[in-house]
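So the structure is just underneath, and the comments pick up after that.
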Amino acid sequence: MKMSIKISFNNSSDKCYLTNQTIEGTVEIAIDKDLKIRGKSSFVDRRKIEMSGIHNYNFQCVLPDTLPESVEGVNGYVRYYVEATLDVERGKTLKHKEDFSVIKFVDLNESTNYDLRSPAEINESRALRILGCFGKSGFVEVKMRVAKTGYAFGETIHVRVDLISKSKDDVKVTKLALKQVEQCYIPGNGDFFDPKLTAFYFKNIDSRVTAGLKSGDSVTIIEKFKIPEKMLVSNDHGYDQVFRIRYIICFKIYHNRFEIPITIGNVALDEDKLRSNTIYPEKWFGFVQTKHEAFEYLN
């Protein structure tokens, strides 16, 4: 019989665990001769001699609630594994790793960020440059709004964009998208030779070409984005200085970008709490007069 190590998980056939869940498993060690065993996890008053054969050691570990979700990113990754090591005195050290996945569970109702329940709005005037950095032809006024910034899988994001052109040139098309932003933090001392870097990668979850804008005219764009049932949740808190996943609603008109950050979780915001806690403008969108009408219109 050859010496070997095997790791198995007892409470998950697909090796997927939620944060705050307990991992339970067994380390199986097959040895071909008697070995003196010492445990590193706790004090033992004497060595134990294991006879040749197959021996099982149980283990368990509670996953902290602050752990980031498993992800394979473009600029980095978050991976988890259990490792067992058999350090044989004056012999070959045996190691075995078994990967597992961590799924983040986010209940938006338990978030301390109360802004998730409130509307978000951008109201800006930007220079319109048809030729990039040159050829400014005027300005464009942009108002972009969403009813709230906290959403769960399967929910629909209602976006409204109001445009007013103060430019002498026409805009053929605009673009609106739901994007996933991957931020990977690269540690360093912060000096010239070892800088602290942040790598970004933008992925379109859903994007579309929207209406253009004629010179001196105005236009209203209303779009809906349905959040997929399977995707990574936002991890804006906790280990966000290592690897961060966040989401934005992005509107683009030529070289101008307008972004509203949103948070995606597993459990949706309670509708009654949303209505009672949200502060709406007196005239939401210019024509909706009451909170109830505003909520129904946007959802």
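Going left to right, the sequence shown walks through residues 1 to 299 as full-length UniProt numbering numbers them.
By construction, the Cβ of each residue, glycine as well, lies at the ideal position given by its N, Cα and C atoms.
Mind reading off the beta-carbon distance from residue i to residue j? Whole number of angstroms is fine, and I expect it under 8 Å.
i: GLY73; j: GLU182; result: 5 Å
i: residue 301; j: GLY212; result: Residue 301 falls outside the range modelled here, since the chain spans only 1 to 299, and no answer is possible.
i: ILE248; j: PRO261; result: 5 Å
i: LYS92; j: GLU83; result: Contact flag wrong, Cβ pair sits at about 16 Å.
Which residues mark the beginning and the end of the beta strand (DSSP E) in which residue i is found?
i: GLY25; result: 22-31
i: LEU176; result: 174-186
i: ALA152; result: 150-152
i: ASN256; result: 256-265
i: VAL171; result: Segment: none, VAL171 is in no beta strand (DSSP E) and carries neither H nor E.
i: GLY53; result: 53-62
i: SER13; result: Where SER13 is concerned, there is no enclosing beta strand (DSSP E), given that its DSSP letter is neither H nor E.
i: THR220; result: 218-226
i: LYS252; result: 243-253
Using only alpha-carbon positions, find the residue among the options that is nearest to residue i.
i: ILE157; options: ILE164, MET144, ASP169 and SER137; result: MET144
i: VAL233; options: LYS166, GLY53, THR263 and VAL171; result: THR263
i: PHE200; options: ILE221, TYR185, ARG208 and ALA84; result: TYR185
i: MET51; options: ALA30, PRO68, ILE164 and GLY216; result: ALA30
i: ASP32; options: THR26, THR210, ASP14 and GLY53; result: GLY53
i: LYS226; options: ILE253, ALA177, SER215 and GLU98; result: ALA177
i: TYR80; options: VAL161, PRO68, LYS168 and VAL146; result: PRO68
i: ASP14; options: VAL171, GLN180 and GLY25; result: GLY25
i: ARG160; options: GLU121, GLN180 and LYS172; result: GLU121
i: PHE243; options: ASN10, GLY76 and SER4; result: GLY76
i: HIS255; options: THR85, PRO228, VAL171 and ASP270; result: VAL171
i: ARG257; options: ASN235, THR174 and ASP206; result: THR174
i: LYS168; options: ARG208, SER215 and ASN204; result: SER215
i: CYS16; options: ILE164, LYS224, ILE253 and LEU63; result: LEU63
i: CYS250; options: VAL27, LEU86, LYS224 and SER70; result: LYS224
i: SER207; options: LYS179, MET231 and PRO187; result: LYS179
Query raised in the report: How about the stretch 100-108 and the stretch 118-128: do they share at least three Cβ pairs that are nearer than 8 Å?
Result: no
Query - Continuous beta strand (DSSP E) assignments of at least 3 residues falling wholly in the stretch 76-121 - result: 80-86 and 94-103
Query raised in the report: Would you say the stretch 110-124 touches the stretch 149-163, given that touching needs at least three Cβ pairs under 8 Å?
Result: yes
Query raised in the report: How about the stretch 56-76 and the stretch 209-228: do they share at least three Cβ pairs that are nearer than 8 Å?
Result: no
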